[in-house]
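Inspection log for the structure reproduced underneath, given as structure tokens.
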């Protein structure tokens with residue numbers, strides 16, 4: 049059994065209440081790694097075509113990786129995966145905080161949950177032992193109440209809780225799985241799957257130290273991360289992920305009014321700098337992380353925001369803020385608090401509200417639909433109310449809780465044109481007209497529009513000021529953000545493999561890339577943790593394998609290359625503002641084809657040879 | 049300018065006698081690296097379609113790399129390249145010894161030679177200065193005499209000489225460029241190109257230490273190599289490359305009687321062990337290398353072999369030995385001495401003789417053709433005489449000096465069936481029926497059948513007992529030698545990129561792979577030498593770029609996928625002996641296709657996207 053792992057995967061059959069522990073070979077671990085790789089493995093093995101994402105046949109996987117729980121910055125993450133109720137395909141989201149490290153120290157690498165409990169339950173894992181407990185009294189609770197109740201009844205305040213809020217219980221299709229109150233496995237609706245299984249929470253407590261192949265080597269890298277944070281990471285600590293609001297606004301890359309524009313007049317009101325000067329109460333970190341990019345905000349009026357729920361990150365500031373035409377930092381913070389308390393993804397939630405606002409402004413929705421609410425861009429109070437309605441599935445919120453793709457169908461009247469999603473998932477807050485490589489990545493990502501399954505290289509280079517990792521991929525000069533040349537697209541594809549690897553490992557993009565830990569030092573960390581004599585080549589193969597598995601899963605569920613699309617809006621430039629370019633349809637199509645060629649996915653389908661190389665022929669043969 | 053390089057490339061126009069120094073950007077060095085990469089670059093840029101390999105328009109490139117001359121085992125190598133007179137395509141061979149380190153310390157990274165001198169000349173390079181000198185008096189000399197004459201007339205015994213012997217002067221199509229008397233850039237006929245230019249030798253003397261980014265890091269790896277030699281490398285020291293004769297013979301993988309068989313009765317007479325017990329006078333090393341795999345043998349009768357010419361390596365023992373049905377170690381040593389003294393490739397030379405022997409035994413050649421020689425398998429004296437005839441282009445030797453492909457055409461009567469070559473180059477001493485992955489590599493290698501441009505993974509694993517590098521490519525379990533599955537072929541292709549990288553760096557396969565320096569430590573060495581923050585991913589890309597350039601060059605000269613062939617003999621098993629299998633035509637064809645798919649070479653042609661990724665679109669656009 050490799051170091052860094054426990055060698056145990058917990059299987060929970062909620063229908064029968066049976067708990068079993070499964071053990072796998074070292075090859076299994078080295079091949080599928082953890083996180084996204086485990087999610088792909090179990091979905092492909094166990095979730096056949098046509099399974100209802102919200103039915104008992106769906107599986108819900110919580111997966112850590114070899115680096116999770118290792119006392120190094122960026123190594124406190126886990127993935128949550130299932131067939132997505134939002135996309136109908138590969139669903140998976142990653143989260144930071146402290147829960148994953150606790151799971152590892154409690155003796156498990158992953159949890160596979162199947163079936164459906166007859167009544168609400170929660171899972172408690174402590175030092176190798178797991179049990180299901182009644183959650184009837186917890187059902188309906190917000191996340192803070194629920195966490196407190198669990199810690200109290202189990203008599204241990206050091207217990208870490210991953211859980212759904214009322215939104216997950218009510219099957220909001222973009223419900224999140226929250227942990228540690230402010231960390232969200234937000235995307236692809238994993239909270240709804242958890243809700244559909246009547247599973248309220250997973251509480252973990254562990255005291256077992258992980259075995260490391262080379263503890264001194266691990267410590268050396270931990271120290272390096274602590275002592276060598278580049279400017280970009282220092283800004284992350286000072287201003288959070290919101291550090292980029294100002295520069296994006298200047299470039300026309302700050303999503304505004306449902307991506308109609310790329311900048312907003314009062315952007316300075318929602319920058320990380322402004323937050324630090326006004327409502328910031330504290331900086332927070334994930335497990336073992338010196339960066340402290342997370343926020344804790346305190347607002348006492350006109351909204352009351354409980355600092356225990358953290359504070360808005362960049363995605364939230366843009367999704368509930370500029371993209372709804374709003375620069376009221378307190379209102380956004382309130383929206384963020386509600387989202388964390390009820391458990392929804394702030395990105396999809398904000399996008400759903402922006403969509404509704406555009407429908408309203410164009411007469412597709414009226415005050416009759418909104419219950420009298422003037423659901424216009426810039427109406428901060430209306431935004432906060434809509435967040436409440438969505439998480440409670442009340443009024444128009446009940447429709448928006450289905451995600452923009454389904455909501456647009458329900459609304460009709462051509463509302464689809466305002467529904468900005470790929471494969472059913474709403475776009476995150478990165479402007480594909482500006483970051484065009486990332487746009488191609490959005491189209492191709494197995495989870496639909498998702499910034500956690502691809503990331504734009506140029507953004508990385510410009511934020512870190514370093515070409516090191518790009519050069520280590522064999523690309524020696526920087527490439528512009530709007531370049532969709534063959535070389536650029538292939539860089540994007542290779543770089544996406546790196547992101548997929550990080551989701552397998554499971555560790556943090558901010559620390560590993562923006563913090564310039566970089567490919568090589570990350571590989572060294574894997575070596576020090578596991579003892580495997582690995583290389584950057586192999587870790588990129590791990591990421592490539594994971595993304596191939598996710599793609600094969602989508603194909604098995606009926607997806608085709610046609611689903612690798614981009615909303616039409618992004619082929620037209622902003623009506624005004626600093627960014628003059630849009631995606632070019634022909635260049636975009638060519639770039640997509642080049643991405644396929646790079647991956648050896650003719651017509652979007654992984655070639656048998658590629659699957660053979662990656663050792664996953666079984667993924668198509670089993671079907 | 050990166051560390052490890054001089055930043056200077058010498059251009060020698062032999063027609064005008066003009067010498068110039070060219071300087072390139074850091075990107076040029078990081079992209080094309082050295083060795084094979086430089087050869088590909090200059091051939092593609094400067095040698096258009098249809099150029100006569102033996103005419104003045106051909107270019108001859110001597111190229112070191114970033115590691116050449118670094119005081120670490122395995123780092124004393126260089127490449128010699130040109131359009132090949134044997135294949136008509138990409139020609140390139142690598143050599144060890146001391147010459148390349150001397151070139152680097154003399155201030156140059158490479159030499160590009162063009163035109164043709166009106167009379168014999170040699171080039172002298174000393175500490176940044178280069179001059180052409182008359183070689184009229186050296187023309188016709190054997191390599192030892194010539195080296196002594198140059199050292200004497202320049203008054204410095206520390207001068208290192210790369211040179212042609214009389215075989216190169218006489219344009220034997222598989223003439224080698226010898227250096228340090230026992231090291232040969234043997235394959236693809238580079239010595240004939242040098243001869244065609246009236247260039248007898250390049251003498252180097254340098255005293256400038258190379259600049260290293262991290263001298264302590266370099267030293268640490270040098271020490272590791274010295275102190276951590278695995279068993280396979282210890283055997284290399286004790287028994288030379290001939291350490292494998294015995295085990296190959298047992299497996300049926302020792303080429304015997306022109307590859308009709310895979311083992312020979314008296315194999316124990318030509319093993320490395322026997323050599324060590326009988327004629328071995330001394331072990332020799334290349335520059336800075338603790339391994340000492342090279343031999344020095346002394347024979348006083350019935351043949352006299354001068355130890356200054358070294359001793360036979362494995363390839364020579366098999367080519368002039370078992371493959372000619374011969375196990376007379378002294379005769380083989382004599383053949384080796386003649387080959388080194390006159391400058392021919394012992395592999396092609398031995399294969400040409402074995403071909404002639406099979407023709408003779410089947411009546412296609414008679415004693416009339418051979419001047420009364422009973423040119424039968426097992427006739428050691430006839431073998432020695434044929435080596436003499438070939439290097440002097442006398443009698444039947446004049447025909448065989450053209451290589452087996454041309455010789456078979458001249459002989460007619462269906463002699464082609466005994467002419468075992470790919471793209472015109474004779475097979476080296478690795479049995480493709482046994483090492484089937486290597487067989488596919490032979491077919492695809494840009495230089496034709498060549499063990500220095502691909503190597504069989506399984507051989508590597510079985511010789512080192514280590515899966516480390518294979519696992520670092522993402523392949524976790526060993527694969528049998530006769531496996532041609534999709535996964536295996538892709539491993540072979542990726543591993544070939546590693547070999548091509550070694551030819552760019554330029555460093556030694558034995559030390560870096562058999563010596564288990566391995567991917568990761570080699571990348572670390574590159575980092576310590578150059579200061580580039582490189583990774584295994586990037587160094588494999590460097591190898592991939594080089595093999596793509598070589599392939600594009602071949603395509604530009606008229607090659608097609610049809611040239612990626614395998615002689616029919618290898619699809620039939622040996623008539624007797626331990627090895628029962630042969631290549632299967634269908635499996636071989638499929639494997640070739642899978643290799644193309646892996647490389648993104650549809651129909652054998654690198655896709656525009658692949659060239660774009662590697663930054664070498666210019667290679668097709670310039671044409």
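Protein chains in written order, with this note's numbering: chain A, 49 to 671; chain B, 49 to 671.
Just so it is clear, CB atoms sit at the ideal spot from N, CA and C, and this is done for glycine as well.
Given the structure is predicted, the values throughout are model-derived calculations rather than measurements.
Residue(s) in a DSSP beta bridge with residue i
{"i": "residue 224 of chain B", "result": "Residue 224 of chain B is not bridged to any residue."}
{"i": "residue 68 of chain B", "result": "B:59"}
{"i": "residue 201 of chain B", "result": "Answer is none; residue 201 of chain B lacks a bridge partner."}
{"i": "residue 349 of chain A", "result": "DSSP, once it has assigned bridges, lists no residue as partnering residue 349 of chain A."}
{"i": "residue 469 of chain B", "result": "B:474"}
{"i": "residue 142 of chain A", "result": "A:127"}
{"i": "residue 318 of chain A", "result": "In the DSSP output, where bridge partners are listed per residue, residue 318 of chain A has none listed."}
{"i": "residue 309 of chain A", "result": "A:304"}
Enclosing beta strand (DSSP E) for residue i [first to last residue]
{"i": "residue 172 of chain B", "result": "169-174"}
{"i": "residue 337 of chain B", "result": "It is not in any beta strand (DSSP E) - residue 337 of chain B carries neither H nor E in the DSSP assignment."}
{"i": "residue 109 of chain B", "result": "108-111"}
{"i": "residue 288 of chain B", "result": "No beta strand (DSSP E) holds residue 288 of chain B; DSSP gives it neither H nor E."}
{"i": "residue 252 of chain B", "result": "247-253"}
{"i": "residue 211 of chain A", "result": "208-211"}
{"i": "residue 162 of chain B", "result": "158-162"}
{"i": "residue 367 of chain A", "result": "Careful: residue 367 of chain A lies outside any beta strand (DSSP E) and carries neither H nor E."}
Test: residue i CB closer than 7 Å to a CB of chain B
{"i": "residue 581 of chain A", "result": "yes"}
{"i": "residue 584 of chain A", "result": "yes"}
{"i": "residue 154 of chain A", "result": "no"}
{"i": "residue 538 of chain A", "result": "yes"}
Nearest candidate by alpha-carbon position, reference residue i, set the options
{"i": "residue 624 of chain A", "options": "A:299, A:265, A:116", "result": "A:299"}
{"i": "residue 53 of chain A", "options": "A:661, A:403, A:156", "result": "A:156"}
{"i": "residue 468 of chain B", "options": "B:109, B:367, B:72, B:519", "result": "B:367"}
{"i": "residue 144 of chain B", "options": "B:318, B:372, B:121, B:354", "result": "B:121"}
{"i": "residue 286 of chain A", "options": "A:315, A:268, A:266, A:319", "result": "A:319"}
{"i": "residue 538 of chain A", "options": "A:290, A:521, A:551", "result": "A:521"}
{"i": "residue 394 of chain A", "options": "A:252, A:488, A:215, A:514", "result": "A:215"}
{"i": "residue 555 of chain A", "options": "A:611, A:587, A:433, A:516", "result": "A:587"}
{"i": "residue 375 of chain A", "options": "A:142, A:360, A:167", "result": "A:360"}
{"i": "residue 181 of chain B", "options": "B:273, B:563, B:249", "result": "B:249"}
{"i": "residue 307 of chain B", "options": "B:327, B:654, B:642, B:622", "result": "B:622"}
{"i": "residue 343 of chain B", "options": "B:291, B:119, B:496, B:629", "result": "B:291"}
{"i": "residue 321 of chain A", "options": "A:225, A:310, A:605, A:341", "result": "A:341"}
{"i": "residue 73 of chain B", "options": "A:242, A:104, A:580, A:524", "result": "A:524"}
Where the alpha helix (DSSP H) containing residue i begins and where it ends
{"i": "residue 180 of chain A", "result": "Segment 177-182 is the beta strand (DSSP E) holding residue 180 of chain A; no alpha helix (DSSP H) there."}
{"i": "residue 517 of chain B", "result": "516-520"}
Beta carbon proximity, residue i to chain A, threshold 7 Å
{"i": "residue 653 of chain B", "result": "no"}
{"i": "residue 62 of chain B", "result": "no"}
{"i": "residue 541 of chain B", "result": "no"}
{"i": "residue 589 of chain B", "result": "yes"}
{"i": "residue 524 of chain B", "result": "yes"}
{"i": "residue 290 of chain B", "result": "no"}
{"i": "residue 568 of chain B", "result": "yes"}
Proximity test, residue i beta-carbon vs the ligand HEM heavy atom, cut-off 6 Å
{"i": "residue 134 of chain B", "result": "This structure does not include the ligand HEM; it has no bound ligands of any sort."}
(request) Scan the region 76-102 of chain A for residues whose Cβ lies nearer than 8 Å to a Cβ of chain B and list them as they occur along the chain. (result) Among the residues of the region 76-102 of chain A, those with a Cβ less than 8 Å away from any Cβ of chain B are 78, 79, in the order of the chain.
(request) Please name the residues in the region 635-666 of chain A whose beta-carbon is closer than 9 Å to at least one beta-carbon of chain B, in chain order. (result) Listed in sequence order: 641, 642, 645, 646, 648, 655, 656, 657, 658, 659, 660, 661, 662, 663, 665.
(request) Determine which residues of the region 542-555 of chain B have a Cβ less than 9 Å from any Cβ of chain A, and write them out in chain order. (result) Cβ contacts with chain A: 542.
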